[in-house]
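Step one of this worksheet: look at the structure below.
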Amino acid sequence: MQTEEEIAAESALRENLKRKGTNSYYYAHGHGANGPEWDGKEQPRLLATAPIAAQEAEVKRTRVIESYSWMDGKKSVKILVDYENAGDVDDECLELDWTPTSVSFRMTVEGSEYILYIAPLHGVIDNGTVKKKDNKFIITLRKKSGSPW
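In the working numbering, the protein residues as written are 887 to 1035.
The following block contains the structure:
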(Lines of atoms letter the chains of each structure in order from A and count residues from 1; the text may use other names and numbers.)
(Lines give C-alpha, C1' and ligand atoms only; values in the text may rest on other atoms or scores of the structure.)
Protein backbone atom coordinates (compact mmCIF):
# COMPACT_ATOMS: atom_id res chain seq x y z
CA MET A 1 0.00 0.00 0.00
CA GLN A 2 1.17 3.49 -0.81
CA THR A 3 1.95 6.06 1.79
CA GLU A 4 0.14 9.39 1.92
CA GLU A 5 3.21 11.14 0.55
CA GLU A 6 3.26 8.91 -2.55
CA ILE A 7 -0.47 9.44 -3.12
CA ALA A 8 -0.08 13.21 -2.76
CA ALA A 9 2.74 13.12 -5.29
CA GLU A 10 0.42 11.73 -7.97
CA SER A 11 -2.05 13.88 -9.87
CA ALA A 12 -5.43 14.65 -8.31
CA LEU A 13 -7.10 12.54 -10.98
CA ARG A 14 -5.04 9.42 -10.24
CA GLU A 15 -5.36 9.95 -6.50
CA ASN A 16 -9.15 10.23 -6.76
CA LEU A 17 -9.34 7.10 -8.92
CA LYS A 18 -7.26 5.09 -6.44
CA ARG A 19 -9.31 6.15 -3.44
CA LYS A 20 -12.81 5.86 -4.93
CA GLY A 21 -12.38 3.33 -7.77
CA THR A 22 -15.43 3.01 -10.02
CA ASN A 23 -17.31 5.55 -7.90
CA SER A 24 -14.78 8.23 -8.74
CA TYR A 25 -15.91 11.45 -10.39
CA TYR A 26 -13.02 10.99 -12.84
CA TYR A 27 -13.67 7.29 -13.59
CA ALA A 28 -14.36 7.88 -17.31
CA HIS A 29 -11.02 9.69 -17.66
CA GLY A 30 -9.02 6.95 -16.01
CA HIS A 31 -8.32 4.80 -19.05
CA GLY A 32 -5.34 5.44 -21.25
CA ALA A 33 -5.35 6.13 -24.96
CA ASN A 34 -5.38 2.88 -26.89
CA GLY A 35 -4.90 4.19 -30.43
CA PRO A 36 -1.85 3.73 -32.63
CA GLU A 37 1.40 5.59 -31.94
CA TRP A 38 1.57 9.01 -33.55
CA ASP A 39 4.18 9.16 -36.32
CA GLY A 40 4.53 12.96 -36.16
CA LYS A 41 2.77 13.56 -39.50
CA GLU A 42 -0.42 15.58 -39.78
CA GLN A 43 -1.70 13.78 -42.89
CA PRO A 44 -4.44 11.19 -42.39
CA ARG A 45 -3.41 7.58 -42.73
CA LEU A 46 -5.16 4.26 -43.14
CA LEU A 47 -5.36 2.42 -39.84
CA ALA A 48 -6.89 -0.89 -41.00
CA THR A 49 -8.70 -2.57 -43.86
CA ALA A 50 -11.50 -5.12 -43.84
CA PRO A 51 -13.33 -6.76 -46.73
CA ILE A 52 -16.92 -5.70 -47.31
CA ALA A 53 -19.38 -8.58 -47.39
CA ALA A 54 -21.50 -8.89 -50.53
CA GLN A 55 -24.71 -8.45 -48.52
CA GLU A 56 -23.50 -5.22 -46.96
CA ALA A 57 -22.53 -3.86 -50.36
CA GLU A 58 -26.11 -4.30 -51.63
CA VAL A 59 -28.02 -1.16 -50.72
CA LYS A 60 -31.81 -1.16 -50.69
CA ARG A 61 -33.62 2.06 -51.39
CA THR A 62 -36.72 2.48 -49.24
CA ARG A 63 -39.67 4.39 -50.60
CA VAL A 64 -42.91 5.24 -48.85
CA ILE A 65 -46.16 4.52 -50.71
CA GLU A 66 -47.97 7.82 -50.36
CA SER A 67 -50.63 7.41 -53.04
CA TYR A 68 -53.38 4.86 -52.55
CA SER A 69 -57.16 4.72 -52.65
CA TRP A 70 -59.60 3.45 -50.06
CA MET A 71 -62.93 1.60 -50.46
CA ASP A 72 -65.14 1.14 -47.41
CA GLY A 73 -67.62 -1.74 -47.49
CA LYS A 74 -69.91 -3.25 -44.85
CA LYS A 75 -67.66 -6.17 -43.90
CA SER A 76 -64.29 -5.09 -45.30
CA VAL A 77 -62.10 -2.20 -46.33
CA LYS A 78 -60.03 -2.36 -49.52
CA ILE A 79 -56.86 -0.39 -50.08
CA LEU A 80 -55.83 -0.04 -53.72
CA VAL A 81 -52.15 0.61 -54.48
CA ASP A 82 -51.37 1.44 -58.11
CA TYR A 83 -48.14 -0.11 -59.42
CA GLU A 84 -47.25 -0.71 -63.04
CA ASN A 85 -46.93 -4.45 -63.84
CA ALA A 86 -48.08 -5.45 -60.36
CA GLY A 87 -49.18 -8.83 -61.72
CA ASP A 88 -45.55 -9.66 -62.60
CA VAL A 89 -44.25 -9.17 -59.03
CA ASP A 90 -43.39 -12.46 -57.28
CA ASP A 91 -45.44 -13.40 -54.22
CA GLU A 92 -42.17 -13.76 -52.23
CA CYS A 93 -41.55 -10.04 -52.75
CA LEU A 94 -44.82 -9.07 -51.03
CA GLU A 95 -45.34 -8.92 -47.27
CA LEU A 96 -48.50 -7.94 -45.41
CA ASP A 97 -48.44 -7.53 -41.62
CA TRP A 98 -51.43 -6.42 -39.63
CA THR A 99 -52.56 -5.91 -36.07
CA PRO A 100 -56.14 -5.18 -34.95
CA THR A 101 -55.49 -1.44 -35.39
CA SER A 102 -52.74 -1.15 -38.05
CA VAL A 103 -51.59 -2.52 -41.40
CA SER A 104 -48.16 -2.64 -43.04
CA PHE A 105 -47.57 -3.60 -46.70
CA ARG A 106 -44.03 -4.11 -48.01
CA MET A 107 -42.94 -4.83 -51.56
CA THR A 108 -39.34 -5.47 -52.64
CA VAL A 109 -38.78 -4.90 -56.36
CA GLU A 110 -35.57 -4.29 -58.31
CA GLY A 111 -33.45 -3.38 -55.28
CA SER A 112 -36.05 -0.99 -53.85
CA GLU A 113 -38.42 -1.54 -50.96
CA TYR A 114 -41.84 0.11 -51.02
CA ILE A 115 -43.68 0.53 -47.71
CA LEU A 116 -47.27 1.44 -46.87
CA TYR A 117 -47.99 1.77 -43.14
CA ILE A 118 -51.36 2.90 -41.78
CA ALA A 119 -51.92 3.26 -38.04
CA PRO A 120 -54.18 3.67 -36.25
CA LEU A 121 -57.05 2.36 -38.32
CA HIS A 122 -60.51 3.83 -37.70
CA GLY A 123 -61.84 0.50 -36.46
CA VAL A 124 -60.63 -2.97 -35.51
CA ILE A 125 -59.78 -5.61 -38.12
CA ASP A 126 -59.42 -9.36 -37.72
CA ASN A 127 -57.78 -10.36 -41.01
CA GLY A 128 -55.77 -8.94 -43.89
CA THR A 129 -54.96 -10.26 -47.38
CA VAL A 130 -53.26 -8.92 -50.50
CA LYS A 131 -54.11 -9.74 -54.14
CA LYS A 132 -52.33 -8.80 -57.36
CA LYS A 133 -54.03 -7.40 -60.44
CA ASP A 134 -52.38 -6.23 -63.66
CA ASN A 135 -51.53 -2.70 -62.49
CA LYS A 136 -52.46 -2.62 -58.80
CA PHE A 137 -52.40 -4.41 -55.48
CA ILE A 138 -55.61 -4.87 -53.52
CA ILE A 139 -55.21 -5.09 -49.75
CA THR A 140 -58.41 -6.37 -48.13
CA LEU A 141 -58.92 -5.80 -44.41
CA ARG A 142 -61.86 -7.66 -42.82
CA LYS A 143 -63.65 -5.55 -40.21
CA LYS A 144 -64.44 -7.00 -36.82
CA SER A 145 -67.72 -5.07 -36.70
CA GLY A 146 -69.92 -4.24 -39.69
CA SER A 147 -70.06 -0.49 -39.10
CA PRO A 148 -68.79 1.96 -41.75
CA TRP A 149 -65.51 3.76 -41.22
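Don't be surprised by glycine CBs; every beta carbon is placed ideally from N, CA and C.
In this text, all values refer to a predicted model and were calculated from it rather than measured experimentally.
Beta-carbon proximity check, residue i vs residue j, cutoff 7 Å
{"i": "Met993", "j": "Leu980", "result": "yes"}
{"i": "Glu1045", "j": "Asn920", "result": "Limits of the chain in this structure are 887 at one end and 1035 at the other, which puts residue 1045 out of reach."}
{"i": "Ser897", "j": "Leu903", "result": "no"}
{"i": "Trp1035", "j": "Asp958", "result": "yes"}
Own chain partners of residue i with C-beta closer than 8 Å, once the 5 adjacent residues on each side are dropped
{"i": "Arg949", "result": "Ser998, Glu999, Tyr1000, Ile1001"}
{"i": "His915", "result": "Leu899"}
From the options, residue whose alpha carbon lies closest to that of residue i
{"i": "Val1016", "options": "Val989, Ser1033, His1008, Ala1005", "result": "Val989"}
{"i": "Pro1006", "options": "Phe991, Met957, Thr987, Ser897", "result": "Thr987"}
{"i": "His1008", "options": "Asp1020, Ser1031, Pro937, His915", "result": "Ser1031"}
{"i": "Ala972", "options": "Glu996, Trp956, Ala934", "result": "Glu996"}
{"i": "Thr985", "options": "Gly1014, Tyr913, Glu978", "result": "Gly1014"}
{"i": "Lys1018", "options": "Tyr1003, Glu901, Asp968, Ile1011", "result": "Asp968"}
{"i": "Tyr1003", "options": "Ser1033, Ile951, Glu978", "result": "Ile951"}
Cβ neighbours of residue i in the same chain (closer than 7 Å, five flanking residues each side left out)
{"i": "Ser955", "result": "Leu966"}
{"i": "Lys922", "result": "Residue 922 is actually Pro in this sequence, not Lys. Hits under 7 Å: Leu933."}
- Query: Would you say the segment 955-965 touches the segment 1014-1030, given that touching needs at least three Cβ pairs under 8 Å?
  - Reply: By the C-beta criterion, the segment 955-965 is judged to be in contact with the segment 1014-1030, since at least 3 inter-stretch pairs fall below 8 Å.
Taking only runs of the alpha helix (DSSP H) that begin and end inside the segment 917-977, which ones reach a length of at least 4 residues, in chain order?
The segment 917-977 contains these whole alpha helix (DSSP H) runs: 940-943.
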